[in-house]
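S.K.:
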Amino acid sequence: MRFILAIATILALEFSTTQAIAAPVFTPKSFTHWCEQKSTLPLETKHTVEVLLSIAQTEDCKQANQKLTKLTSIYLFGRQISDIKPLSHLTNLTKLDLGFNQISDIKPLSNLTNLTKLSLTSNQISDIKALSNLTNLTKLSLDSNQITDLKPLSVLTNLTELKLGSNQISDIKPLSVLANLIKLSLDSNKISNIKPLSVLSNLTELSLTSNQISDIKPLSVLTNLNTLFLDSNKISDIKPLSVLTNLTVLLLGLNQISNIKPLSNLTNLTILYLDSNQISDINSLSNLTNLASLFLNFNQISDIKPLSTLTNLTTLYLESNQISNIIPLSALNNLDLLGLKYNKISDVKPLSNLNKLIVLGLESNIIRDIKSLSGLTKLNFLRVKNNPITDKICPVKPEAICTF
Numbered sequence: 202m203r204f205i206l207a208i209a210t211i212l213a214l215e216f217s218t219t220q221a222i223a224a225p226v227f228t229p230k231s232f233t234h235w236c237e238q239k240s241t242l243p244l245e246t247k248h249t250v251e252v253l254l255s256i257a258q259t260e261d262c263k264q265a266n267q268k269l270t271k272l273t274s275i276y277l278f279g280r281q282i283s284d285i286k287p288l289s290h291l292t293n294l295t296k297l298d299l300g301f302n303q304i305s306d307i308k309p310l311s312n313l314t315n316l317t318k319l320s321l322t323s324n325q326i327s328d329i330k331a332l333s334n335l336t337n338l339t340k341l342s343l344d345s346n347q348i349t350d351l352k353p354l355s356v357l358t359n360l361t362e363l364k365l366g367s368n369q370i371s372d373i374k375p376l377s378v379l380a381n382l383i384k385l386s387l388d389s390n391k392i393s394n395i396k397p398l399s400v401l402s403n404l405t406e407l408s409l410t411s412n413q414i415s416d417i418k419p420l421s422v423l424t425n426l427n428t429l430f431l432d433s434n435k436i437s438d439i440k441p442l443s444v445l446t447n448l449t450v451l452l453l454g455l456n457q458i459s460n461i462k463p464l465s466n467l468t469n470l471t472i473l474y475l476d477s478n479q480i481s482d483i484n485s486l487s488n489l490t491n492l493a494s495l496f497l498n499f500n501q502i503s504d505i506k507p508l509s510t511l512t513n514l515t516t517l518y519l520e521s522n523q524i525s526n527i528i529p530l531s532a533l534n535n536l537d538l539l540g541l542k543y544n545k546i547s548d549v550k551p552l553s554n555l556n557k558l559i560v561l562g563l564e565s566n567i568i569r570d571i572k573s574l575s576g577l578t579k580l581n582f583l584r585v586k587n588n589p590i591t592d593k594i595c596p597v598k599p600e601a602i603c604t605f
């Protein structure tokens with residue numbers, strides 16, 4: 202009996218092995234093959250084929266293949282794609298947007314070596330090894346994925362723009378060889394050491410928002426920078442920025458900064474964001490006369506005289522400080538947005554000639570009278586809630602502009 206069972210087992214194994222060998226492995230050699238086998242494909246693969254057929258505007262597989270293989274750019278943003286294997290034969294592509302899908306496996310992209318621009322923003326990608334083949338890439342977007350290891354990017358030396366925001370990156374050493382980078386975004390990661398960036402001398406735009414950075418000395422050599430985002434970090438010493446005189450946009454909010462003297466050299470600044478720091482002395486801002494937008498909310502400022510020289514300002518926010526005297530603002534007659542809520546202001550007459558104002562926020566002060574604002578006829582919003590105003594009549598028309 203045992204002998205018979207053993208023979209039966211051997212025969213069964215031989216039969217199953219023969220079946221396994223005999224079963225054809227589906228390895229399409231073109232989009233035509235993917236299309237012709239559509240009904241047998243897994244749902245996620247079938248969906249991708251259908252999306253590509255819709256782009257080709259035909260259900261005929263051969264016609265679709267002819268059209269798709271001639272394309273040099275495809276936009277597949279937000280098409281609920283998870284399997285990109287059917288794209289692997291579209292080798293003439295130079296631009297491909299796969300943002301906002303559900304892609305985790307990007308191996309099929311390794312064939313698309315003509316790509317110069319690729320977006321994979323907002324997917325589920327952790328392994329980017331397949332990108333190391335794409336050496337013609339100049340622009341690459343990988344924001345909002347699950348990437349930790351950047352080593353595969355080190356061979357992409359033609360990159361000029363790279364977006365890596367909202368990942369899980371702590372080590373940025375592999376980026377140090379990307380000498381052609383002009384724009385680099387690394388916001389919302391786990392970066393503390395930015396020394397590898399010091400060799401990227403061609404950078405003009407750099408975003409490091411929401412990381413764990415305290416030492417910014419490596420940035421002092423990046424003198425071509427015109428846009429720098431450093432908000433939401435652990436920075437207290439900003440001396441290294443004093444030499445970055447080409448800066449026009451600088452974001453330093455939500456840090457631990459009290460001394461802003463190093464900013465006095467940055468006379469090309471047009472936008473400066475310093476919200477939520479520990480700043481009380483703003484004298485060093487007085488010569489930044491090109492500023493158009495200045496944000497100083499949530500600091501410890503009481504004296505705003507240095508702002509009187511900033512006559513190009515159109516946007517100024519000074520909310521949640523300790524300001525009582527706003528006479529220096531009377532010279533800023535280009536302002537259209539002014540935020541002064543949560544201060545100690547009682548007299549608003551200095552604002553009476555700011556006739557370009559569109560939005561004026563004065564909530565939570567100690568203002569009793571707003572009649573002096575009657576000349577501000579361009580106002581769309583006048584917010585005066587939580588003030589001891591005696592005569593609650595809107596000084597400008599229509600009255601709906603006012604919020605008491």
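In the numbering used here, the protein residues as written are 202 to 605. In this text, a Cβ means the ideal position worked out from N, Cα and C, and glycines have one as well.
Strictly by DSSP, which residues pair up with Ser274?
M.R.: Bridge partners of Ser274: Lys296.
S.K.: Looking at C-beta atoms only, is the number of pairs between the segment 370–378 and the segment 339–352 that lie closer than 8 Å three or more?
M.R.: Because the criterion of three Cβ pairs below 8 Å is met, the segment 370–378 and the segment 339–352 touch.
S.K.: Cα-Cα, which of Leu561, Asn587, Ile436 and Asn566 is closest to Lys579?
M.R.: For Lys579, the nearest C-alpha among the options comes from Leu561.
S.K.: Sort Asn581, Thr233, Pro589 and Asp416 by Cα distance to Asp548 and report the nearest one.
M.R.: For Asp548, the nearest C-alpha among the options comes from Pro589.
S.K.: Exposed or buried, which one is Leu404 when buried takes at least 16 other CB atoms within 10 Å?
M.R.: Classification of Leu404: buried, given that the 10 Å Cβ count is 16 or more.
S.K.: With DSSP as the reference, identify every bridge partner of Ser408, one or two as the case may be.
M.R.: According to DSSP, Ser408 bridges with Ser386 and Phe430.
S.K.: Cα separation between Thr468 and Val444?
M.R.: When rounded, the distance between both Cα atoms is 11 Å.
S.K.: Excluding the five sequence neighbours on either side, which residues of its own chain have a C-beta within less than 6 Å of the C-beta of Leu332, listed in chain order?
M.R.: Correct list, in chain order: Pro353.
S.K.: Helix, strand or coil, according to DSSP, for Ile392 in the structure here?
M.R.: DSSP places Ile392 in coil when its eight states are reduced to three.
S.K.: Return the CA-CA distance between Lys247 and Ser323, expressed in angstroms with no decimal places.
M.R.: About 22 Å.
S.K.: Quick one: residues in its chain with C-beta nearer than 8 Å to the C-beta of Lys391, no 5 flanking neighbours on either side, listed in chain order?
M.R.: Around Lys391: Gln369, Ile370, Ser371, Asn412 and Gln413.
S.K.: Under 7 Å Cβ to Cβ from Ser377, same chain only, skipping five residues before and after it: list those, please.
M.R.: Excluding sequence neighbours, Ser377 sits near Pro397 and Val400.
S.K.: Could you please give me the residues that DSSP links to Lys611 through a beta bridge?
M.R.: In the structure as shown, the chain begins at 202 and stops at 605. Residue 611 is therefore absent and cannot be evaluated.
S.K.: In chain order, which continuous runs of the beta strand (DSSP E) of length 3 or greater are located wholly inside the segment 504–586?
M.R.: DSSP runs (the beta strand (DSSP E)) wholly in the segment 504–586: 516–518, 538–540, 560–562 and 582–584.
S.K.: Where does Thr233 fall in DSSP's three states?
M.R.: It is helical.
S.K.: Run the CB neighbour count on Arg280, radius 10 Å, all protein chains shown included, and call it buried at 16 or more, exposed below.
M.R.: Buried, since its Cβ has 16 or more Cβ neighbours within 10 Å.
S.K.: Give the C-beta separation of Glu362 and Ile395 to the nearest angstrom, bearing in mind that I take them to be a contact with Cβ-Cβ under 8 Å.
M.R.: So it is not a contact: roughly 19 Å between Cβ atoms.
S.K.: Tell me which same chain residues have a C-beta within less than 8 Å of the C-beta of Ala224, skipping the five on either side of it?
M.R.: Confidence at Ala224 is low in this model, with a pLDDT of 45, below 50, so the placement of that residue should be treated as unreliable; the coordinate-derived value is given next. No residues qualify anywhere along the chain.
S.K.: Reducing DSSP to helix, strand and coil, say where Leu288 ends up.
M.R.: Helix at Leu288.
S.K.: Between which two residues does the alpha helix (DSSP H) holding Ile256 run?
M.R.: It spans Leu244 to Ala257 - the alpha helix (DSSP H) in which Ile256 sits, taken as one unbroken run.
S.K.: Give the straight-line distance between the Cα atoms of Ile222 and Asp306, rounded to the nearest whole angstrom.
M.R.: With a pLDDT of 46 at Ile222, under the threshold of 50, the predicted position of this residue should be treated as unreliable, though the coordinate-derived value follows. Each residue's alpha carbon lies about 27 Å from the other.
S.K.: Buried or exposed: which applies to Lys598, given that a residue is buried once 16 or more other Cβ atoms fall within 10 Å of its Cβ?
M.R.: Answer is exposed; the Cβ neighbour count stays below 16.
S.K.: Can you give the Cα-Cα distance for Ser494 and Leu360, rounded to whole angstroms?
M.R.: C-alpha separation (whole angstroms): 32 Å.
S.K.: On the CB-based measure, 16 or more other CB atoms within 10 Å of its CB, does Ser389 come out buried or exposed?
M.R.: Buried, since its Cβ has 16 or more Cβ neighbours within 10 Å.
S.K.: Relative to the alpha-carbon of Asp592, which residue among Asp476, Ile568 and Leu448 has its alpha-carbon at the smallest distance?
M.R.: Closest by alpha carbon: Ile568.
S.K.: Within the same chain, show all residues whose beta-carbon is closer than 7 Å to that of Asn337, passing over the 5 residues directly before and after it, in chain order.
M.R.: Answer for Asn337: Thr314, Asn315, Leu316, Thr317 and Asn359, listed in chain order.
S.K.: Relative to the alpha-carbon of Ser178, which residue among Ser421, Lys557, Ala532 and Ile417 has its alpha-carbon at the smallest distance?
M.R.: Since the first and last residues shown for the chain are 202 and 605, residue 178 lies out of range.
S.K.: Go ahead and label Asn434 buried or exposed: buried means 16 or more other beta carbons lie within 10 angstroms of its beta carbon, across all protein chains shown.
M.R.: By the 10 Å Cβ count, Asn434 comes out buried.
S.K.: Is it right to say Leu583 is buried, meaning 16 or more other beta carbons lie within 10 angstroms of its own, or is it exposed?
M.R.: Leu583 should be labelled buried.
S.K.: According to DSSP, is Leu332 part of a helix, a strand, or is it coil?
M.R.: The answer is helix: DSSP assigns Leu332 an H, G or I state.
S.K.: Can you tell me whether DSSP reads Lys598 as helix, strand or coil?
M.R.: Three-state DSSP puts Lys598 in coil, outside helix and strand.
S.K.: Using three-state DSSP, classify Thr361 as helix, strand or coil.
M.R.: DSSP places Thr361 in coil when its eight states are reduced to three.
S.K.: Which residues does DSSP list as the beta-bridge partners of Lys318?
M.R.: Per DSSP, Lys296 and Lys340.
S.K.: Within 10 angstroms of the Cβ of Phe278, are there 16 or more other Cβ atoms? Answer buried if so, exposed if not.
M.R.: Exposed, by the Cβ-count rule.
S.K.: Can you name the start and end residues of the beta strand (DSSP E) that Ser494 belongs to?
M.R.: It spans Ser494 to Phe496 - the beta strand (DSSP E) in which Ser494 sits, taken as one unbroken run.
S.K.: Note down the Cα distance separating Leu533 from Ser345, rounded to an integer number of angstroms.
M.R.: The alpha-carbon atoms of Leu533 and Ser345 are separated by roughly 40 Å.
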